[in-house]
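Taking this note's numbering, the leading residue of the sequence shown gets 29, the next gets one more, and so forth.
Beneath this line is the structure, given in structure tokens, with notes to follow.
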Amino acid sequence: MKGIKSPSSLSAEAANKFLQHKKKKLEIDEIVAGIFKGDISTLSSAITLVESNLAKHREISNQIIEKCLPKSGNSIRIGITGVPGVGKSTFIEALGMNIIKKGHKLAVLAIDPSSEQSGGSILGDKTRMENLSAQKNAFIRPSPS
29 MKGIKSPSSL SAEAANKFLQ HKKKKLEIDE IVAGIFKGDI STLSSAITLV ESNLAKHREI
89 SNQIIEKCLP KSGNSIRIGI TGVPGVGKST FIEALGMNII KKGHKLAVLA IDPSSEQSGG
149 SILGDKTRME NLSAQKNAFI RPSPS
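Put into structure tokens, the structure is as follows:
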């Protein structure tokens, strides 16, 4: 049984709209420039590339990291771990607000293990860091493990 044939003009119009709205792939230098400008959307896209398991994304992300490292300055990384309910998000928010108040920028990259029972994330929920997430110099990104 055949389906209903769409009018050719409708298909061409739909294809044109799709192509016009299709997200433009940024070049590596454009991504790096966006990161340095503080463009949150570009930073999020770059993090997605870094998190990807695809070989083509890995090569691109390595180049992005290589170009960003010389400007990393005195940045530091802190790892925070603990059992559910111990207060990780509360601690991160308090520490983060202190860092922001001192005039620094902050990125929280929360790696969320997924609960096998609920299927949802159990750590780093952005809503638990409500005050910090409202700060313009704070970037919070929960990611699945």
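The beta carbon of each residue, even a glycine, is placed where N, CA and C say it ideally should be.
Computed from a predicted structure; not experimentally measured.
Candidates the options: closest to residue i by CA position
i: Leu134; options: Lys116, Ile106, Gly110; result: Ile106
i: Lys65; options: Val78, Lys99, Lys84; result: Lys99
i: Lys164; options: Ser69, Ile128, Ala40; result: Ile128
Same chain, Cβ closer than 6 Å to residue i, neighbours up to 5 away in sequence not counted
i: Ile95; result: Inspection of the sequence shows that residue 95 is occupied by Lys rather than by Ile. Only Val60 meet the Cβ criterion.
i: Gly152; result: Residue placement at Gly152 is poorly supported in this model, since its pLDDT is 48, which falls under 50; the coordinates are not used for a value here.
i: His132; result: none
i: Lys130; result: none
Whole-number beta carbon distance between residue j and residue i, since they are thought to touch under 8 Å
i: Ile63; j: Leu54; result: 11 Å between Cβ atoms; not a contact.
i: Ser117; j: Met157; result: 6 Å
Heavy atom of the ligand GTP within 7 Å of residue i beta-carbon
i: Val111; result: No copy of the ligand GTP appears in this structure; indeed no ligand is present at all.
Beta-carbon proximity list for residue i, same chain, < 8 Å, skipping 5 on both sides
i: Ile68; result: Phe167
i: Ser89; result: Ala74, Leu77, Val78, Ser80
i: Ala42; result: none
i: Ser91; result: For the record, residue 91 in the displayed sequence is Gln; it is not Ser. Contacts found: Ile56.
i: Ser136; result: The sequence as given places Val at residue 136; Ser does not occur at that position. Here the set comprises Ile120, Gly124, Gly152, Met157, Leu160, Ala166, Phe167, Ile168, Arg169.
i: Ile93; result: Val78
Contact set for residue i: own chain, Cβ-Cβ below 7 Å, skip 5 residues either direction
i: Leu160; result: Glu121, Gly124, Met125, Ala166, Ile168
i: Glu58; result: none
i: Phe119; result: Ile108
is_contact[residue i, chain D] using C-beta, thresh 8 Å
i: Asn126; result: Judged by its chain identifiers, the structure shown contains no chain D, having just a single protein chain.
For the pair the region 110 to 129 and the region 72 to 86, tell me if three or more CB-CB distances fall below 8 Å. Because the criterion of three Cβ pairs below 8 Å is not met, the region 110 to 129 and the region 72 to 86 do not touch.
Check your understanding: Where are the alpha helix (DSSP H) runs, 4 residues long or more, that stay fully inside the region 65 to 102, in chain order?
Key -> Complete alpha helix (DSSP H) runs here, min 4: 68 to 79, 83 to 96.
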